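**Student:**
In this note's numbering, the protein residues as written are 70 to 148.
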């Protein structure tokens, strides 16, 4: 089993990244993105991934920034 693990590790290419947005554009897609909430923006690792435009080219507000959360009543806003 250890020999198999060593062989698999030795044949695994290092530095391979997903580049999801790049692959989506190559497939003819115009947009590829993700959604996030404000609380997730304080996580530096998560934020670094969101800023990687090779993976995500569009960012959509998650539930905390949708109208139902911001304005549950007419002309009353919760920023």
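All C-beta atoms, glycine included, are put in the ideal place defined by N, C-alpha and C.
No experiment lies behind these values; they were computed from the predicted model shown.
Between residue 91 and residue 120, what straight-line distance do the alpha-carbon atoms span, to the nearest angstrom?
**Tutor:** Here residue 91 is taken as the residue at index 22 of the chain shown, counted from 1. Here residue 120 is taken as the residue at index 51 of the chain shown, counted from 1. Between residue 91 and residue 120, the C-alpha separation is close to 14 angstroms.
**Student:** Along the chain, where does the beta strand (DSSP E) that runs through residue 127 open and close?
**Tutor:** Residue numbering aside, residue 127 sits at position 58 when the chain shown is read from its first letter. Residue 127 -> beta strand (DSSP E) spans 127 to 130.
**Student:** Ordered along the chain, which non-local residues of its own chain (more than five positions away) have a Cβ less than 6 angstroms from that of residue 141?
**Tutor:** Here residue 141 refers to the residue found at position 72 when the chain shown is read from its first residue. Hits under 6 angstroms: none found.
**Student:** Helix, strand or coil for residue 102 per DSSP?
**Tutor:** Taking the first residue of the chain shown as position 1, residue 102 is located at position 33. Reduced to three states, the DSSP call for residue 102 is strand.
**Student:** Does the CB of residue 126 have a neighbour CB from chain C at under 7 angstroms?
**Tutor:** Although the question refers to chain C, the structure presented lacks it and comprises just one protein chain.
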